[in-house]
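Protein chains in written order, with this note's numbering: chain R, 137 to 698; chain G, 54 to 377; chain X, 43 to 343. Don't be surprised by glycine CBs; every beta carbon is placed ideally from N, CA and C. Nothing here was measured: the structure is a model prediction, and the numbers come from that model. In what follows, a structure is listed as structure tokens, so that the remarks can point back to it.
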Amino acid sequence: MLSVEGLSVRFTDRFGAAMAVEDVSLSVERGEIHGLVGESGAGKSTIGAAIMGLLPAAGQVAAGRMTLGETDLRTLSPVAAHRLRGKRISMIFQDPQTSLNPLMTVEAQLIETILAHEEMTVEAARRRAIDLLEEIGIANAPARIRAYPHQFSGGMRQRVVIALALCSNPELIIADEPTTALDVAVQAQVLDLIRRLAKTRGVGFILITHDIGVIAQVSDRVTVLRDGRVMEQGPTPRVLGQPDHPYTKALMAAVPPLDRRLERFRLPRVPGEKMAQVEADKAREAEDWLMEETGSGPALDLSGITVRFRGERRGLFGPREDFTALDDVSLSVRAGTVMGLVGESGSGKSTLAKVIAALVQPAAGEMRLDGVALPPMRARRRADPSRRLVQMVFQDPYSSLNSRHRVLDVLSEPLWLYGLEPDAGRRDRLAHAMLALVGLPVAAADRYPHQFSGGQRQRIAVARALLSRPGLLLCDEPTSALDVSIQAQILNLLKDMQARFGLTTLFISHNLAVVRQMSDDIAVLKDGRLVETGRSEAFFAAPDATYSRDLLAQTPCTGQQF
Amino acid sequence: MVAYTAKRLIQSVFVMVAVAFLAFSLFAFVGDPVAQMTGVETSPEDRARLREELGLNDPVVVQFTRFTGDLLRGDFGYSFRTREPIGEMILSRLPATLELGTVALLISLVVGIPAGIYTALRPRGAISQSMLIGTLIGVSIPTFVIGILLIFLFGVKLGWLPTYGRGGTVEIGWWRSSLFTAQGWRSLILPAVTLGLFQLTLTMRLVRAQMMEVMRTDHIRFAIARGVPWRSIRYRHALSNTMIPVITIIGLQFGGVIAFSIVTESVFQWPGMGLLFLESIRFVDIPVMSVYLVVIAFFFVLINLAVDLLYVAIDPRLRVRESA
Amino acid sequence: MLARLMRIEGVWLFARSPAAILAAIATVTIVAGAALAPWIAPTNPYDLASFSLIDGLLPPAWENGGRPRFLLGTDDQGRDMLSAILYGARLSLSIAAMAMTVALLLGVGLGLAAGYLGGRFDAIVMRIADVQLALPAILTALLIDGISRGLLPRAVHDDLRIAVITLAIALSLWVNFARTARASTFVERNKDYVQAAIMMGQHPLRIMLRHILPNIVGPLLVIATVDLASAILLEATLSFLGVGLPADSPSLGTLIRIGMQYLLSGEWWILWIPTVFLVVLVVAINLLGDFLRDLFNPGMR
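Quick look at the structure:
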């Protein structure tokens, strides 16, 4: 039905022209789900935009043929192209929060879209809209259709988005990361829905995603992209099960398995990839410095931690609707081990890390480090010894480093702040050495954070944390903003550092497979309450709580099943 | 929604009380009222008696309460300069300023909003570019220079329009209006255009910036991707989302209109409140200054409150509570 | 060297924008002319002995009856227009720059602290800003002038005129800085690098000045440019209304007010030359402000 042959897209900027997509061919049949997978910069969204005829101004199709049925998509006039959009090809965007017009009811948006493409009465359009919402799994559709987008939850909103893409009965839907902003449970439902729609309605889907788990779960065929080129293409079981191309192999090796724990990710080299030159003697210097303090990190004990956030008043004199983010959470991290903390968004897992880091004030509860009371936010003085002992690696490496400070300044800050090294020259030497230890070239010290990729920035963040000689490391989703191959590298780095320096670690993630690779113990949070804690391997073998079992079942498994 | 409105209301009251206090401090601490009211020949005893009678020896809190009470009852006191009651002075000047300000604001909206939309939708067109350069010059020319230019062009060179005063007015009750005679409108055109031009450029640039931002949002891109007609994308989806922030700023602009009417009134000798205020500054007529302050702040707060309520009408997120 | 410079985005965009280049040239020329006025102006317009009524109302040099000695003509007192304009621009610019600096320090200080500390301090600062917003710039400036007239004896008031005007303009402009600084600080404060600094136990002043401030200079720079233009306009307007600077030390606005008397007579240069000069200066500064705004909001390009 859709056929793309030799597609190349060129982007022109002030440094000249660059190919974002080069010589890509693919086809989608009716009822088929075709996955486009690749890491950031692979050009997968650009292919989608090129098919839609919605490339940004700087981009243009340089070569290739794109046909939908008998229609040549490249030769369409702008008017004809716009008429085709919605009617024959539609699109689903990543974030359901922002994809709907907040000022119009769902009904108005649906009816408008239907009437834009078909001659029918408003009443008939409304009926079709309601039927569609019901089909898509929105309860009480005749009433709910009159609601505004903000009155739906995230998952329901993504269903509304899918209904909008479907309502004019297109042949092809391009879904650009449709489940990336959703929790696993909702993701599983939305993916099921896409599967079902492909089957029952015969709609073809192009599913753009970075997540190989999603591809494994729903797509019939898959195209693996890298730097705008096709690496490998074929039926999903074949490509993921017996990959041919070294890049696909490396990609599959980097995906954390859910069914077993790896000591280290074994990442094969991809031809053409540069390896950073690591200066071993420099790294040794940093290692020796960290080793000066012997023994493992402290044990962390939390008991009865409760956090409430002040809510809005309901009405003028009504009571505040306080929101309880954490409800009586008690847990212990054994000295020198890794505790994995999992939960969906809003479960309070990041809040817990912030309570330990003195960034959020708990309403109740006690914290102890090796038996010594750890004061909460308001009581923790700036000079408190725990300030140095507790360090954190944040989720977003683009915001966790001050973009106006040189890497050297970022790294030497803990050294003088905690009075670890009085001599400025020695501070610089140590900062350089630490860069070598985390696998970055020493010359990186003189550059600014924006000159590094996400993975490199996360390495800098780890180096900063290590330079205060911490005992307890809080890792708040440290890899969720990273590509899967980079994630594997960072996980390897964290494993190395943790093992070598005996850091007590609280490792937070929404991704069970990632947590399994890292943790000795595990704790599951749901809606601010602790659902289950226990040894990691026992947990993954047989979780106790129903919620944990559901969570485990809904997490897409990858690769291994083929 | 109730909470939102109540919060706005409380904030408005706070602003008014603060302005009233400012006006009161002006009145009480700047320039001695007794010295203003008496001559050189008054004896110290008489002065002391006058102080006592005027309540100037009471604690500040009592004086402020009395001042506010007087304001609320519409008793604005007397001008030092003319000895007339200030309430009447302001009331006789109010219609002139309000008519001028409203017409100017209308000009700025009626021209500024469509121009902003046009330049946002065709950002690279030659017309848009020249309009943008035009507005840049517009914000850079002081209002009084615009006034002088218009007087020079239409009053002196071409002789089409009168250059000072209100021309023909009609009295409706105490309201003296220039909106009901041709002569009145002819006199109104130049000052209103002068005053409106500056606001117009601001409105246009604001609408343009907001609209361009909205056109890049996901929900507009989604509407394009599902083939919603362009007309609806632009004027139904994008425009309504553009207007939410724009309305707030337009509310704030009304303050600017009132303030710059001081300049316009001075250039065109327009007998409004601004001219009265300028005269009172020149003669250090403190009571008139402080009442003017309160009146202006009152209008400003009133308009912004209206804008906030309008907001509730437009934005369902404020009107309808979330429910899953 | 040039090639490397062009890799910096700002430089590259600047080199491709004729409007920005022209504006920069105009601004630099006028500012330099104003700064160097005592050395390059043909006469000293404050020195009563340097001009005489005999030279009064001479047209510019290129007009009939103009003299090369008075390039832009003379006013009714026989004062050289070029010198008066250069000195006037000097006065206007220094008042505007001083007022802008005061507003910047006050506004950024309060805004930064309000955004960082939040809570009650933030509420108080923002309510004060609300009140200030209810009293538009020109009204504030006029009021302060009025108050100072009431409080100060006439002679003192005349001496302090420049200070009063500067203060009046500064007070009417600080809100802009404060609101922008507060909003940007608020965004930065929730970013992880600031959270990391707080967690580490760094001093709040260090966090505000060394961590947050460098990250919010972009929008503040835009405001500073635009506000410099408004300060010049405000000063000119006040002087035009006759509450600004007196005729014996004329700023650009005062020159225009004096020129108004010649609106209907033939001596156009007395009014229009300072007017054009003022407009060109403000247009140029606003153009630069626009350029900076586009630079910091890449989406608008």
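Which parts of the segment 255 to 297 of chain X are runs of the alpha helix (DSSP H), unbroken and 4 residues or longer, counting only runs that do not cross its ends? 255 to 282
Burial state of Ile622 of chain R (16 or more Cβ within 10 Å): buried
If you measure from the beta carbon of Glu81 of chain R to each beta carbon in chain G, is any gap under 8 Å? Because chain R in this structure spans residues 137 to 698, residue 81 of chain R falls outside the shown range and cannot be described.
Use the C-beta contact count for Met427 of chain R: other C-beta atoms within 10 angstroms, 16 or more gives buried, fewer gives exposed. exposed
Per-residue DSSP class, three states only, for His170 of chain R: strand
With 16 other Cβ atoms within 10 Å as the buried cut-off, status of Lys233 of chain X: buried
Considering only C-alpha positions, which residue in the set X:Thr267, X:Arg248 and X:Leu64 is nearest to Gly331 of chain X? X:Thr267
Same chain, Cβ closer than 8 Å to Thr431 of chain R, neighbours up to 5 away in sequence not counted: Reading off the sequence shown, one finds Gly at residue 431 of chain R, where the question assumed Thr. Same-chain partners within the cutoff: Gly638.
Can you confirm whether the segment 588 to 602 of chain R touches the segment 564 to 573 of chain R when touching is taken to mean that 3 or more C-beta pairs between the two stretches lie within less than 8 Å? yes
Shorter than 8 Å from the beta carbon of Thr234 of chain R to some beta carbon of chain G? yes
By how many angstroms is the C-alpha of Ala515 of chain R removed from the C-alpha of Thr359 of chain R? 55 Å
Do Ala509 of chain R and Thr442 of chain R have their C-beta atoms closer together than 8 Å? no
Less than 8 Å between CB atoms is the rule here; does Gln119 of chain X satisfy it with respect to chain R? no
Please tell me whether Phe147 of chain R has its Cβ less than 8 Å away from any Cβ of chain X. no
Rounded C-alpha distance that separates Glu399 of chain R from Pro679 of chain R: 22 Å
Note down the Cα distance separating Val113 of chain G from Leu107 of chain G, rounded to an integer number of angstroms. 13 Å
For Ser548 of chain R, which residues in chain X fall below 8 Å Cβ to Cβ? What Ser548 of chain R touches in chain X: nothing, since even the nearest Cβ is about 13 Å away.
Answer with buried or exposed for Lys180 of chain R, where buried requires no fewer than 16 other C-beta atoms within 10 angstroms of its C-beta. buried
Counting only the same chain and skipping the five closest in sequence on each side, list residues whose C-beta sits under 7 Å from that of Asp463 of chain R. Thr442, Gly664 and Arg665
Going by the DSSP bridge assignment, what does Pro84 of chain X pair with across the sheet? Answer is none; Pro84 of chain X lacks a bridge partner.
Amino acids of chain G, ordered along the chain, whose beta-carbon sits closer than 8 Å to that of Pro713 of chain R: Any property of residue 713 of chain R remains undetermined from this structure, which presents chain R solely from 137 to 698.
Outcome for Trp323 of chain G when other beta-carbon atoms lying within 10 angstroms are tallied against a minimum of 16: buried
From Ile349 of chain G to Ile315 of chain G, what distance separates their C-alpha atoms? 12 Å
Residues that Ala153 of chain R bridges to, as DSSP identifies them: R:Thr148
Residues of the segment 319 to 331 of chain X with a CB closer than 9 Å to any CB of chain G: list them in chain order, please. Leu320, Val321, Val322, Leu323, Val324, Val325, Ala326, Ile327, Asn328 and Leu329
Who are the Cβ neighbours of Lys418 of chain R in its own chain at under 7 Å, not counting the five residues just before and after it? His568, Ala569, Ala572 and Val578
Which residues mark the beginning and the end of the alpha helix (DSSP H) in which Glu668 of chain R is found? Looking at the DSSP string, Glu668 of chain R is not in any alpha helix (DSSP H); the run it does join, the beta strand (DSSP E), is Arg665 to Arg671.
Option in X:Phe333, X:Ala223 and X:Leu276 with minimal Cα separation from Asp164 of chain X: X:Ala223
Using the rule of at least 16 other Cβ atoms within 10 Å of the residue's Cβ for burial, across every protein chain shown, is Asn538 of chain R buried or exposed? buried
Extent of the continuous alpha helix (DSSP H) run through Ile207 of chain X: Arg203 to Arg231
Runs of alpha helix (DSSP H) wholly within the segment 293 to 320 of chain G (minimum 4 residues, chain order): none
Exposed or buried, what is Trp227 of chain G when buried is set at 16 or more other beta-carbons lying within 10 Å of its beta-carbon? exposed
Report the neighbours of Gln64 of chain G on chain X: residues whose CB is nearer than 9 Å to its CB, in chain order. Arg169 and Asp172
Give me, in chain order, the residues of the same chain whose beta-carbon lies closer than 8 Å to that of Gly341 of chain X; leave out the 5 immediate sequence neighbours on both sides. Confidence in Gly341 of chain X is poor, its pLDDT being 48 and thus under 50, which makes the residue's placement unreliable; the coordinate value appears in the next sentence. Within the same chain, Gly341 of chain X has no close Cβ partners at all.
With DSSP run on the structure shown, which of helix, strand or coil describes Gly341 of chain X? Residue confidence for Gly341 of chain X is low, a pLDDT of 48 falling below 50, so the modelled location carries little weight; the figure read from the coordinates is stated next. Of the three classes helix, strand and coil, the one that applies to Gly341 of chain X here is helix, per DSSP.
Start and end of the alpha helix (DSSP H) containing Lys223 of chain R? Pro214 to Lys223
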